[in-house]
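K.L.:
Keeping their order, the protein sequence lines are chains A and B.
First residue of the first sequence: 763, per the numbering used here; consecutive thereafter.
First residue of the second sequence: 763, per the numbering used here; consecutive thereafter.
All C-beta atoms in this analysis are idealised placements derived from N, C-alpha and C, irrespective of residue type, glycine included.
Number of protein chains: 2
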Amino acid sequence: MATDPQSVRNDTALTQAERSAASDRAMLDAAIDLVLEHGTDKTTLAMIGERAGKSRGLATYRFGSKGGLYDALCKSISRDWLACLTERVGDKVGIDAMCTALDAIHDFVTRSPREGRVLQILHAGAASPSSEFRQTSIDIHGRQQSDVAEWVRRGQAEGSIRNDVDADAVAGQYIAYITGMTHLWLVSPDTFNFKSANADMKRQLRASLAVQGAQ
Amino acid sequence: MATDPQSVRNDTALTQAERSAASDRAMLDAAIDLVLEHGTDKTTLAMIGERAGKSRGLATYRFGSKGGLYDALCKSISRDWLACLTERVGDKVGIDAMCTALDAIHDFVTRSPREGRVLQILHAGAASPSSEFRQTSIDIHGRQQSDVAEWVRRGQAEGSIRNDVDADAVAGQYIAYITGMTHLWLVSPDTFNFKSANADMKRQLRASLAVQGAQ
DNA sequence: AGTCACTTGCTTGTTGACAGCAAGTTTTGG
DNA sequence: CCAAAACTTGCTGTCAACAAGCAAGTGACT
C-alpha cells in the first residue's frame, strides 16, 4: 500500500505502455517523412529511429525488421483511411455509396496527402515477391471489394441499381479502376486530374448501373 | 577492303559488339528469373552477373547501378509488349481497338507470364520517390493514354463511337482500369479472374461508347 | 603478315553503409 | 530492492558502388 506511483512521477515520466505507444507513433511519423523523401528502400531503420528522437536500433527492436515496420505503417494508415471512408459513406448503399467513396478518396488524399501517398507507395511495394505485407494488401483489397459488392446488392434490393448486373463483377471493375487511378495519380500527380477523373467515373457509374428512369 | 576480319575469326570468337549484346541479354534474362524469385530489392547485382555466367561485377559495370539495370529491363520488356500490342491491334480504331488491346494484354501475360509479371513489378516500383525509371514509367503510361485517346477520336470520326464523350477522359479511365486490373492480378493471381474481368470490361465499353443502334 | 597503339569487355579488391542480432544500460512499477 | 520493460550500443555478414587492372579485340602503319 505504501507506494503511490503517481505521486513520484513527474510530467515527463510516463507509464511503460505510454512510453512505447509514444515512441511507436513517433517512429511511424518519422517513417512517413522519410519514405516520402527517399522511398522505402533508401530509408534506413537507423534514420527512422533517430528522426523519432530515439536511438538507431529502436526501430529494429520494436518492429523486428524493415518489412515489419512497413507492415505496421500500412495497417496504421489503413485504419485512418477506413475511418474516413466509413464516416463519409455512413449507411449509404448503391450508387450513392460508390460515388461518396470516390469523394472520400479525394478528401483523404487532400486532407492527409502524406499518409495517402505513403499508403500508395506501400501498396505498390506489395507487388514484389519478397514483400512482407503482400497478404495484408491482398486482404485489404479483398475486403474493399466485398464491401462494394454488398453496396451493389443492397442497391439492387432497394431498386436503385439494375438487377441484370453482376455485383461482384461491378465491384471488381470499380476496385480495379480505383487502384489504377490512385497509382497513376501517385506516380505523376501533375499530369493526372483527380477531380475530373472522379466526375467522369461518377457519370459512368450512374449511366451503367442506374435503373432506367430512376434517380 | 584489304583486311577481312571474318576470315580469321572462328565460331566462338565474337566481335566486341556481339559479345556485349550477348552478355546484356544473358544478364537481363537472369534478372527476370531472380526478380520473380526474390523481388527487386532482394536480388543482388552479383547474383545477376553470376547467373548470367559472368562475374559478380559485370552487371554494375554495364548498367551503372541497380536502378539502371531495372530501367533497361523495363524498356526491354516494354518493347516486346508494344510489339505484341501493335501486331494484334493493327490499324483497328474505336471500340474494336480497345477490346483487342484487352485481349492483347491477356495474350501477352499468357504467352510471356514471366516478362509480364516482371514488368508489373517494375512499374509498381516506379511509385517509390527513389525510383530511377519513374520517368520511364510515366512516359509509357502517357503514350498509351494518348494512343487510346486517338482510337476514341477515330472511332468518333468513323461514326462507331458517340460524339458526346470526351476522348481524353475515356482514355484516362481505360488506362486507370487496366493499370489497376493488372496490378490486382499480379498481387493475387488466384483470386482474380483476368478473363471474365476482360469480358465485363468489353461489355462495359460497348455499352457506354457505342452509338445507339450501331454495331 | 607482323607489331604496335589503343579500345572495349570483363574481373577482382576495396570501401562505406545497412539490416539484423545480442549483450548491455536505463527506466518503470510492484 | 528487484524483476520486467524500454531502450542503447557493439558487432557481423552482406550489398552497392567504385577503381584498378587484365585480356581480348580492333585498327593503322609498315
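Whose C-alpha, out of A:T806, A:L884, A:V910, is nearest the C-alpha of L847 of chain A?
P.N.:
Checked all of A:T806, A:L884, A:V910; the closest Cα to L847 of chain A is A:V910.
K.L.:
Counting C-beta neighbours from all protein chains within 10 Å, is the total for Q918 of chain B 16 or more, i.e. buried, or is it exposed?
P.N.:
Answer is buried; the Cβ neighbour count reaches 16.
K.L.:
What residues of chain B sit near G934 of chain A, judged by a beta carbon separation below 7 angstroms?
P.N.:
Here the neighbours are A959.
K.L.:
With DSSP as the reference, label A972 of chain A as helix, strand or coil.
P.N.:
Of the three classes helix, strand and coil, the one that applies to A972 of chain A here is strand, per DSSP.
K.L.:
If I883 of chain B and V797 of chain B are in contact, beta carbons under 8 angstroms, what's the gap, nearest whole angstrom?
P.N.:
Rounded, the Cβ-Cβ distance is 6 angstroms, consistent with contact.
K.L.:
Measure the CB-CB distance between A938 of chain A and G942 of chain B and report whether it falls below 8 angstroms.
P.N.:
For A938 of chain A and G942 of chain B, yes; Cβs fall inside 8 angstroms.
K.L.:
Residues of chain B with a CB under 9 angstroms from the CB of K964 of chain A: which are they?
P.N.:
The contacting residues do not exist; K964 of chain A stays about 11 angstroms from chain B at best.
K.L.:
Taking the alpha helix (DSSP H) that E799 of chain A falls in, what are its first and last residues?
P.N.:
Unbroken alpha helix (DSSP H) run through E799 of chain A: 778 to 800.
K.L.:
I want to verify the contact list: residues of chain A whose CB lies under 8 angstroms from the CB of V949 of chain B, in sequence order.
P.N.:
Chain A residues near V949 of chain B: A888, A889, R896, S899, I900, H903.
K.L.:
What does the alpha-carbon distance come out to for the pair A976 of chain A and R813 of chain A?
P.N.:
Per-residue confidence for A976 of chain A stands at a pLDDT of 45, beneath the threshold of 50, marking its modelled position as unreliable; no derived number is given.
K.L.:
Considering only the alpha carbon of each residue, which of A:S899, A:E894, A:F956 lies closest to G829 of chain A?
P.N.:
Comparing Cα-Cα distances from G829 of chain A to each of A:S899, A:E894, A:F956, the minimum goes to A:E894.
K.L.:
Buried or exposed: which applies to T777 of chain B, given that a residue is buried once 16 or more other Cβ atoms fall within 10 Å of its Cβ?
P.N.:
T777 of chain B is exposed by the Cβ-count criterion.
K.L.:
Given a cut-off of 8 angstroms, decide if S840 of chain B and L790 of chain B are closer than it, judged by their beta-carbon atoms.
P.N.:
Their beta carbons are not under 8 angstroms apart, which means L790 of chain B does not touch S840 of chain B by this criterion.
K.L.:
Below 6 angstroms CB to CB, which residues in the same chain sit around A859 of chain B once its five sequence neighbours on both sides are set aside?
P.N.:
Closer than 6 angstroms at the Cβ level, and outside the excluded window around A859 of chain B, lie V851, W913.
K.L.:
Output yes if chain A places a C-beta closer than 8 angstroms to the C-beta of Q918 of chain B; else output no.
P.N.:
Chain A, which has no Cβ nearer than 8 angstroms to the Cβ of Q918 of chain B, makes this no.
K.L.:
So, for D833 of chain B: in the same chain, excluding its five sequence neighbours on each side, which residues have a beta-carbon less than 7 angstroms away from its beta-carbon?
P.N.:
If we look at D833 of chain B and ignore the five residues flanking it on each side, its Cβ neighbours are E894, F895, T898.
K.L.:
Just checking, does the stretch 803 to 818 of chain B make contact with the stretch 780 to 788 of chain B on the three C-beta pairs under 8 angstroms criterion?
P.N.:
The stretch 803 to 818 of chain B is in contact with the stretch 780 to 788 of chain B.
K.L.:
For the candidate residues B:I794, B:I940, B:S782, B:R824, whose alpha-carbon lies nearest to that of K964 of chain B?
P.N.:
Closest option to K964 of chain B, Cα to Cα, is B:I940.
K.L.:
Going by DSSP, name the residue or residues bridged to I923 of chain A.
P.N.:
The partner list for I923 of chain A (beta bridge, DSSP) reads A:A972.
K.L.:
For R813 of chain A, does the three-state DSSP call read helix, strand or coil?
P.N.:
Helix at R813 of chain A.
K.L.:
Could you tell me whether the Cβ of M943 of chain B comes closer than 8 angstroms to any Cβ of chain A?
P.N.:
Yes - at least one Cβ of chain A is within 8 angstroms of the one on M943 of chain B.
K.L.:
Give the residues of chain B in contact with Y939 of chain A, contact being defined as C-beta atoms less than 8 angstroms apart.
P.N.:
Correct list: Q935, A938, Y939, G942.
K.L.:
Applying the criterion that 16 or more other CB atoms from any shown protein chain within 10 Å of the CB defines a buried residue, is G887 of chain A buried or exposed?
P.N.:
Buried, since its Cβ has 16 or more Cβ neighbours within 10 Å.
K.L.:
Is there a Cβ from chain A that is less than 8 angstroms from the Cβ of I883 of chain B?
P.N.:
Judged by the 8 angstroms Cβ criterion, I883 of chain B is in contact with chain A.
K.L.:
8 angstroms is my cut-off, CB to CB: does D791 of chain B come that close to chain A?
P.N.:
No - not a single Cβ of chain A is within 8 angstroms of the one on D791 of chain B.
K.L.:
Which residues in chain A have a C-beta closer than 9 angstroms to the C-beta of D909 of chain B? List them in chain order.
P.N.:
Ordered by position in chain A, no residue passes the 9 angstroms Cβ test against D909 of chain B, which lies about 15 angstroms from the chain.
K.L.:
So, helix, strand or coil for G819 of chain A, using DSSP?
P.N.:
Coil, per DSSP.
K.L.:
Identify, in the order they occur along the chain, each residue of the same chain with its Cβ nearer than 7 angstroms to the Cβ of A863 of chain A, setting aside the five sequence neighbours on each side.
P.N.:
The residues are L847, V851.
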